[in-house]
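One structure below.
There are 2 protein chains.
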Amino acid sequence: MVSKVVVTLRLYLCILLLCWIPKLYAFDLVHEPISPIPAASNLSPEKIELGESLFHDVRLSKDNSISCASCHNLSKGGTDNQPVSRGVNDALGSANAPTVYNSALNFMQFWDGRAFNLREQTNGPVHNPVEMNSNWPEITHKLSHDRPLSERFARLYPEGLTADNIQDAIATFEASLLTSHSPFDRWLKGDAQALSEQQIQGYRLFKSYGCISCHQGANVGGNMFAYLGAVNNVQSYFQQRGTPINPPDYGRYNVTGELEDKYLFKVPSLRLAVKTAPYFHDGSVSTLQEAIRLMARYQLGREIPDNHTEAIIIFLHSLVGEHPRLTP
Amino acid sequence: MVSKVVVTLRLYLCILLLCWIPKLYAFDLVHEPISPIPAASNLSPEKIELGESLFHDVRLSKDNSISCASCHNLSKGGTDNQPVSRGVNDALGSANAPTVYNSALNFMQFWDGRAFNLREQTNGPVHNPVEMNSNWPEITHKLSHDRPLSERFARLYPEGLTADNIQDAIATFEASLLTSHSPFDRWLKGDAQALSEQQIQGYRLFKSYGCISCHQGANVGGNMFAYLGAVNNVQSYFQQRGTPINPPDYGRYNVTGELEDKYLFKVPSLRLAVKTAPYFHDGSVSTLQEAIRLMARYQLGREIPDNHTEAIIIFLHSLVGEHPRLTP
């Protein structure tokens, strides 16, 4: 009778210990290839505020029809959830609008890295004929008739309302759009309860399949270029897409003109992936399931079973942090 | 006799095959956690040139004694090879000057990430009392007496010589300082001959010990924050250093004031590590051997045998790319 109790107690102890192993494991993960998103700091609150109103200002477009926020809707994950965006006169863009959240953490801007920072990035949509189709002299001319706005600029910048200062204010606002305190980041910082077992398993799979090779760092991407079709042939990638290869598919080649940069794209951040369908530079993929399947096949040369894909998606949900504009 | 020839031929074939395996392996490494440094693109050559002369302009400092290049010597790997730098009046700085090469690829600037980009970074040394100890009105006033310089600004910027445009030109020049075409990058792109066997072994060790967890992406770092003493206690790290903990050792805490950011530092790029001794935020470590030993102990909780450390250093040599100013 006594020995039976001892055996039962031992069994309970074993079960208890086994339940604790994943938690111990979580605490031990101190050198992960992903780091928490830092809090935005050192940005002038007045410039952020000015930048936010400019971000929503349709006068940045030729016919006063669209603003930055038209394609980077802050309540839709900082995108428009369209394959490609529509500019002035309903013109169709050529690339999927990436999220503006956490974009300050990317090593370069645009899918092909043609801008070095957010400030330089603003030149793109402003001048693009299928986006805002405008230019800085036109914009500063329009805005200079807005007396209160000019006064706000004068208070914050010695030179007042200039193209440079419009760019600076918008870039400052965008740099403030960091989504910190995600469950994953809290887990990284030691809160073992922040992730479910399934999320931890999804993260392990994300690492073991090799997704982590490119999606890494604070932004879980945005830190390097990678060839589309790194393992499997890029031609067969476009074949399965079913539409011909167009210049926007050439990636960084469009910036450098070097043949070796053909089909080279900036690795996108996965921080808000669960909120920013559709996917890829052409917005051709509607679901994360399909995006993971294609990335596995063409970037890693693997087929991932459905239950593993689901676990990875559940992990991706844990990457979503907080920002007042994201979840009002 | 015939069977002897067959056996010998088989042996030769085996040796030949074995010799080829590392080369095949090298070709197969298509999804590595490090990517080649992209070529600088899309930067105005005239602004780069103007930025370069400003980068060397001592009038940016209070007493016209130092320029950006004083602490970021382009022929010394973009640093001054001092533990901490000396500013005006020989004042001693508080942090090791990181390399300016490839700094455009970092997700934030400074050891504590207090600037979001290169442009914003210029505010730091200009105002720091132990660096240039100046300010923008003073600098623009001095420079405005330089007629040819003012004319260069007027040709390139609508607003001419302003603080903003000085910052823009310097940041543009700095963004051009990318060291591409390193042996490692050529190897990544498929040139199996670009690395020696020892370098490939060093890279494998770099990954298997876990250095890669933080030093990743195009810049082999500069993509996340990490706690100093992530595994081993930070206090014991400072104990072995032998000098008391000072405010500059607090890292990102100095920016955010959050206790959880204490001892959090931007992971530095290793691209030019072999050229930029001494190491760490305080420049307290003179050699790569010691730097690797301490990082292994305090970040990874490992002791690395000497021959492995040497292999890793030999790998680090392969990360050094080319730039006309780096190797004249």
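Chains A and B supply the protein sequences, listed in that same order.
At position 28 of the first sequence (counting the first as 1) the number is 44 in the working numbering, and the numbers step up by one without a gap.
At position 71 of the second sequence (counting the first as 1) the number is 87 in the working numbering, and the numbers step up by one without a gap.
Ideal Cβ positions, reconstructed from N, Cα and C, are used throughout, including at glycine.
This one's a predicted model, so the numbers in the text were calculated from it and none came from an experiment.
As assigned by DSSP and simplified to three states, the class of residue i
i	result
residue 108(B)	strand
residue 139(A)	helix
residue 169(B)	helix
residue 267(A)	strand
residue 217(A)	helix
residue 102(A)	strand
residue 225(B)	coil
residue 113(A)	coil
residue 329(B)	helix
residue 153(B)	helix
residue 232(B)	coil
residue 37(A)	Legend: pLDDT at residue 37(A) = 44, less than 50; position of this residue unreliable, value from coordinates given subsequently. Note: residue 37(A) maps to helix in three-state DSSP.
residue 186(B)	helix
residue 53(A)	coil
residue 323(B)	helix
residue 174(B)	coil
residue 343(A)	coil
residue 290(B)	helix
CB of residue i within 7 Å of CB of residue j, strictly
i	j	result
residue 238(B)	residue 196(B)	no
residue 337(A)	residue 50(A)	no
residue 290(A)	residue 333(A)	yes
residue 94(B)	residue 74(B)	no
residue 203(A)	residue 211(A)	yes
residue 246(A)	residue 305(A)	no
residue 341(B)	residue 59(B)	no
residue 267(B)	residue 128(B)	yes
residue 331(B)	residue 222(B)	yes
residue 168(B)	residue 66(B)	yes
residue 288(A)	residue 200(A)	no
residue 242(A)	residue 271(A)	no
residue 299(A)	residue 112(A)	yes
residue 156(B)	residue 179(B)	yes
residue 312(B)	residue 320(B)	yes
residue 47(B)	residue 160(A)	no
Cα-Cα separation between residue i and residue j, rounded to whole angstroms
i	j	result
residue 131(A)	residue 191(A)	15 Å
residue 151(A)	residue 77(A)	8 Å
residue 72(A)	residue 80(A)	11 Å
residue 188(A)	residue 141(A)	17 Å
residue 170(A)	residue 170(B)	22 Å
residue 98(B)	residue 69(A)	45 Å
residue 235(B)	residue 240(A)	8 Å
residue 231(B)	residue 164(B)	44 Å
residue 218(A)	residue 224(A)	10 Å
residue 256(B)	residue 172(B)	52 Å
residue 158(A)	residue 166(A)	11 Å
residue 122(A)	residue 123(B)	6 Å
residue 36(B)	residue 209(B)	Its pLDDT being 46, under 50, residue 36(B) is placed unreliably in this model, and the value from its coordinates should be taken loosely. Taking the straight line joining both Cα atoms gives about 12 Å.
residue 87(B)	residue 101(B)	6 Å
residue 82(B)	residue 318(B)	42 Å
residue 110(A)	residue 327(B)	46 Å
residue 339(B)	residue 303(A)	43 Å
residue 310(B)	residue 207(A)	27 Å
residue 181(A)	residue 56(A)	20 Å
residue 133(B)	residue 26(B)	60 Å
residue 252(B)	residue 261(B)	11 Å
residue 265(A)	residue 254(A)	9 Å
residue 126(A)	residue 175(B)	27 Å
residue 106(A)	residue 137(A)	22 Å
residue 177(A)	residue 185(A)	10 Å
Beta-bridge partners of residue i, as assigned by DSSP
i	result
residue 241(B)	282(B)
residue 196(A)	338(A)
residue 89(B)	95(B)
residue 3(A)	The first residue shown for chain A is 17 and the last is 344, placing residue 3(A) beyond what the model contains.
residue 125(B)	131(B)
**Study point:** chain B contacts made by the stretch 305–319 of chain A, where a contact means CB separation under 9 Å
**Key:** Cβ proximity to chain B below 9 Å picks out 315, 316, 317 from the stretch 305–319 of chain A.
Check your understanding: What residues in the stretch 81–108 of chain B bring their beta carbon closer than 7 Å to a beta carbon of chain A?
Key -> Against chain A - using a Cβ distance shorter than 7 Å - the stretch 81–108 of chain B contributes no residues.
Review point. For the stretch 128–152 of chain B, which residues have a beta carbon sitting closer than 9 Å to at least one beta carbon of chain A?
Key: The residues in question are 129, 130, 131, 132, 133, 134, 135, 136, 152.
Review point. What are the residues of the stretch 158–170 of chain B that lie near chain A, defined by any Cβ-Cβ distance shorter than 7 Å?
Key: For the stretch 158–170 of chain B, which is checked against every Cβ of chain A, not one residue is closer than 7 Å.
Check your understanding: Any residues in the stretch 257–268 of chain A with a beta carbon nearer than 8 Å to a beta carbon of chain B? Which ones, in chain order?
Key -> Result list: 268.
Review point. Taking a cut of 9 Å between CB atoms, which residues from the stretch 179–196 of chain A lie near chain B?
Key: Considering only beta carbons, the part of the stretch 179–196 of chain A lying closer than 9 Å to chain B consists of 179, 180, 181, 184, 187, 188, 191, in chain order.
Exercise for review: Give the residues from the stretch 203–236 of chain A that approach chain B closer than 8 Å (Cβ to any Cβ), ordered along the chain.
Suggested key: Cβ contacts with chain B come from 205, 226, 228, 229, 230, 232, 233, 234, 235.
Check your understanding: Relative to chain B, which residues along the stretch 240–251 of chain A have a C-beta separation below 7 Å, given in chain order?
Key -> Within the stretch 240–251 of chain A, the residues whose Cβ lies closer than 7 Å to some Cβ of chain B are 240, 241, 242, 246, 247, listed in chain order.
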